[in-house]
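Have a look at the structure below before the remarks.
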Amino acid sequence: MSSYIPQLTTNEIKAYPLACELEYLTQQAVAHCDADDGVVDGIISNIASCDFDPFTQVDSSFLCFSTGDNKTLTGYFNSHGDHIWPGWNYGANITALGYAPNETNEAANAQRTPNWLVQYYLERNADFDSATITHEGFDSHWKRFITIYDDTIGTSDPDLSDFKATGGKMITWHGTADEDIQTKSTERYYQEVTKLFPDVQDFYRYFESPGSGHCGYTGIGGQLTTVFDALRAWVENGTAPDVLPVRFNGTTGVVQHRNLCLYPLNQVYKGSGDLSSPDSFHCV
2 MSSYIPQLTT NEIKAYPLAC ELEYLTQQAV AHCDADDGVV DGIISNIASC
52 DFDPFTQVDS SFLCFSTGDN KTLTGYFNSH GDHIWPGWNY GANITALGYA
102 PNETNEAANA QRTPNWLVQY YLERNADFDS ATITHEGFDS HWKRFITIYD
152 DTIGTSDPDL SDFKATGGKM ITWHGTADED IQTKSTERYY QEVTKLFPDV
202 QDFYRYFESP GSGHCGYTGI GGQLTTVFDA LRAWVENGTA PDVLPVRFNG
252 TTGVVQHRNL CLYPLNQVYK GSGDLSSPDS FHCV
């Protein structure tokens, strides 16, 4: 259901940003927060510390940005003021899923998948026009979807008691430039697990990969190739991973090697040393 939120927002105010507008907004966010980790490499390493305000770009000299463009980044609040969707991270390619209108996508229904979700899974009506959904109407759809399908596809239960009791080990990694599923949702889940299990790192560890897109296939961040090796070492030898190594070409084309930090730590440049070496960074 969250896939429909960008369309709901733009439909409400009748403003439909073009792909180039969204790309410009992403570029401005990266330029503002790129150096927070001590090095300019086209990647925002610490999303939480990025204080970019998209509304500063309203009436930009590049293009006249509308309120609709920026709301897709700041998240979604239901009609009661509850923040139920975190919005995209700065640095994610927010045009990747077809939310911007183009020669094949009409403005009010730019992305077809969430429309089908409402039509077939909730309304059970192929002719239902999802562009007519209001803010209050979406709140109702959101609740109905959870009520009907949470038992089937829900993944938000933080009680991992049975998993822990069997001696299970789990590693989760998530790219901060994921254009489909936001890291804030994964962070929220991990925090809920931590509330139930203060010793969560004894069996479950979470890492964020700066600049990596959905499943690591997009974005300019690192590709993980040793996650299974790390999991196997943890299960078979009891060696829990504190970092996960990644490699990527970055914006210069030179192969870079970094270590992903155990959440909530972030990689920061030490101030000297080879930028392509993980030894030049530490987790803080």
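The letter at position 159 of the sequence shown is residue 160 when you use this note's numbering, and the numbering goes up by one with no holes. Glycine included, every Cβ here is placed at the ideal spot set by N, Cα and C.
DSSP links Y207 through a beta bridge to T173. It is roughly 11 Å from the alpha-carbon of D280 to the alpha-carbon of V269. Under the three-state reduction of DSSP output, W117 falls in the helix class. In this structure, V40 keeps its C-beta atom at 7 Å or more from the C-beta atom of L266. In the three-state DSSP reduction, L9 falls in the helix class (H, G or I).
A straight-line Cα-Cα distance of about 23 Å links H81 and G155. With fewer than 16 neighbouring CB atoms inside 10 Å of its own CB, G274 falls in the exposed class.
Note: L23 is not bridge-paired with any residue in the DSSP secondary-structure output. In the three-state reduction of the DSSP assignment, R125 falls in the coil class, being assigned neither a helical nor a strand state. Under the three-state reduction of DSSP output, L161 falls in the coil class, being neither helix nor strand. Taking 7 Å as the cut-off, the Cβ atoms of V247 and G223 count as close.
By the Cβ test, the region 207–220 is in contact with the region 33–49, since at least three Cβ pairs between them sit closer than 8 Å.
Residue nearest to T195 within the set D230, P159, K170 is P159 (criterion: CA-CA distance). The shortest CA-to-CA distance from N12 to any of C262, S278, G138, T219 is the one to G138. If you look at V247, you'll find it in the beta strand (DSSP E) that goes 244–249. Spanning the alpha carbons of Y17 and E124 requires a straight line of approximately 25 Å.
The beta carbons of P242 and I172 sit about 7 Å from each other, so the pair counts as a contact at 8 Å.
For S213, the secondary structure class from DSSP, reduced to helix, strand or coil, is strand.
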